[in-house]
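Read through the structure below, which is laid out as structure tokens, and then see the notes.
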Amino acid sequence: MRDCLSIIEEFKKNQNNIEKSIELADKITDKLKNYKLAVYPAGVNGHLIQETLLQYNIRVDKFFDKNYNKIVQVNGVKVLAPDEIEQCDDNTILLICANLRTRYDFFFENAKKINPNIKILNGEMLNRMLKYSNCFNKFKNNKQINLYECEHCGFEKQYCPIATMSLKKFANHKELPNDTRSDKFDWFGYIVSQTCTLKCKHCCEQVALLNDKGFTPVEELVKDVKKLAESTKWLIFVELIGGEPFLHPNIEELITELLKIENIGYIKSFTNATVIPSDELCEIMKNPRFMLHMSNYENILSGKLLENIHKTREKLKEKGVNYLFTPNFEWLDFTGYELNPNQTDEQSLKKAFNDCFISNCNRVYKGVLYRCPHQYSGIQLGKLKKLPIECIDIHTMDKEELSAKLQEFAQLDYIDACKYCKLPYDAKPVPAGEQLGEKVHA
Ligand SMILES: C[S@@+](CC[C@H](N)C(=O)[O-])C[C@H]1O[C@@H](n2cnc3c(N)ncnc32)[C@H](O)[C@@H]1O
Ligand code: SF4
Ligand code: SF4
Ligand code: SF4
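Residue 399 in the working numbering sits at position 415 of the sequence shown; the count goes up by one each step and never skips.
Here's what the structure looks like:
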């Protein structure tokens, strides 16, 4: 077991060395064959490690999950209550499969509490290690990697050299000699409109309270994105958000034009799935440099809106469009702009900003770059100040100046808005997607 742990540690340190990582993957699979493997919990990441291990002819013996009586089994393998971790013997390794550090820590501590002798490995790290060889072969054979697999592999949170090489190749990225463009600013979300089909009470962008019902024209939006792409060394991705991006009257043209911009790894769009995509949009979304992210409102909606969500999912399936589905049942409530007495001095603000999971959720709306959704919505509503350095008017400067500003912007220690925010420590969990006012029926 010590061997397996040290192989994982070696992989963590050598992730940029692809050959070495593939060698380590072979080593660890040899060792894992001598153990019984259990997976905790049985979520998306748990399913993935099971699939990946099967490619190496290694079977998962059992899953543990608090919803064991609802899930029952995963591809024929039984799901047990976490309490039964106590029964795991010396010959069992528990793979903890959670993509957020805090969630990993929670499952790790819980498993150790139930069985202090349990042998534990980081399932997400193992999954990444075992995927290297397949993904590298794809790259060498000029095939594009699968963005949806990368997302589950944690690529947006943690750099992967294979994903980056592949994205750069297919995005026509060119290394420039003496390139002084920003290398710290590497992704953002463009708010295509403040219009939405829903009125979520706790929407992070406070869309239900915003009044601008127009849509940024394709030409302006593409020009902004191009300018930002040309002012940075490399943009991993650009995401479309809103409001509801699929309400944009020219969404097909918009995505087509964005996909033509060089120096961007991929384009991603969120949707609440209440607007059924056209046949043309479905075809465009099959581009391997595009990723669709569907949020979960099925539990909260009814009537025509729920019907539309079902129709959207059916259509995407029929047209062969892949999408990422976040089954979130809980959000955090960080609405409101009152002073947070725990976040007023420089030290606490820096700590809060550093711990906030959306502090780099850069947003652009009508040519202005904001550092996070809370700051953006507060400024839109006239509750927060639009301060220089913390917000950039990209229309008012040339690319050279913009590049320098982006570099500075990406390295801010905190923003003034953190003084008026419940995140990261004081925001309460709320049911995801709860609607304002009457129950929503179309
Ligand atoms: C603001 S929405 C915009 C796109 C689209 N209207 C949608 O809902 O998918 C972007 C993402 O933020 C998530 N979101 C909104 N408010 C949130 C909150 N308070 N906590 C956590 N996630 C939130 C939504 O579920 C969605 O996945
Ligand atoms: S992040 Fe993507 S390319 Fe990298 S190992 Fe994972 S699936 Fe493969
Ligand atoms: S979170 Fe809700 S209100 Fe906000 S943009 Fe998405 S669907 Fe609309
Ligand atoms: S204002 Fe600060 S703490 Fe609040 S969401 Fe933005 S970055 Fe996070």
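C-beta atoms are modelled at their ideal positions from N, C-alpha and C, and glycine is treated no differently.
Just so it is clear, the structure is predicted and the values come from calculations on it, not from any experiment.
Can you grab the Cα-Cα spacing for the pair Asn106 / Arg85, in whole Å?
Their backbone Cα atoms lie some 11 Å apart in a straight line.
For ligand 4, is there a heavy atom less than 7 Å away from the beta-carbon of Phe169?
No, ligand 4 has no heavy atom inside 7 Å of this Cβ.
Which residues neighbour ligand 3 when neighbourhood means a C-beta less than 5 Å away from any of its non-hydrogen atoms? List them by chain order.
Spelled out in chain order, the answer is Cys180, Leu182, Cys184, Cys187, Val191, Asn256.
Which residues count as close to ligand 2 when the rule is a CB under 5 Å from any of its heavy atoms, in chain order?
Those residues, listed in chain order, are Lys115, Cys119, Ile129, Glu133, Cys134, Cys137, Phe139, Cys144, Ile146, Ala147.
Decide if His425 is buried, meaning its Cβ has at least 16 other Cβ atoms within 10 Å, or exposed.
With a pLDDT of 40 at His425, under the threshold of 50, the modelled position of that residue is not reliable, and the figure given next carries that caveat. So His425 counts as exposed.
With hydrogens ignored, establish whether the beta-carbon of Phe460 is closer than 7 Å to any heavy atom of ligand 1.
What is shown of the chain runs -15 to 426, which leaves residue 460 out entirely.
For Asp377, which beta-bridge partners are listed by DSSP?
Partner(s): Val352.
Indicate the three-state DSSP secondary structure (helix, strand or coil) for Ser(-10) in the structure shown.
Reduced to three states, the DSSP call for Ser(-10) is helix.
Below 6 Å CB to CB, which residues in the same chain sit around Asn0 once its five sequence neighbours on both sides are set aside?
Excluding residues within five positions, the ones whose Cβ falls inside 6 Å are Pro145.
In three-state DSSP terms, what is Ile342?
In the structure shown, Ile342 sits in coil (DSSP, three-state: anything other than H, G, I, E or B).
Between which two residues does the beta strand (DSSP E) containing Leu105 stretch?
First-last of the beta strand (DSSP E) with Leu105: 103 to 106.
Could you check what DSSP says for Leu21 in three-state terms: helix, strand or coil?
In this structure, Leu21 counts as strand in the three-state DSSP scheme.
Pull up the CB-CB distance for Tyr230 and Thr200, whole angstroms please, since I reckon it's below 8 Å.
Per the sequence presented here, residue 230 reads as Phe, with Tyr not at that position. With 8 Å as the limit, Phe230 and Thr200 do not qualify as a contact, their Cβ atoms being about 15 Å apart.
Tell me Gln57's beta-bridge partners as DSSP assigns them.
For Gln57, which the question treats as bridged, DSSP gives the partners Lys62.
Taking the beta carbon of Lys423 as the centre, do at least 16 other beta carbons fall within 10 Å, making it buried, or is it exposed?
At Lys423 the pLDDT is 45, less than 50, meaning the model places this residue with poor confidence and gives no usable figure here.
Could you spell out the range, first to last residue, of the beta strand (DSSP E) harbouring Thr76?
76 to 80 is the extent of the beta strand (DSSP E) around Thr76.
Compute the distance between the beta-carbons of Asn326 and Cys405, then report whether it is under 8 Å.
Taking 8 Å as the Cβ cut-off, Asn326 and Cys405 do not qualify as a contacting pair.
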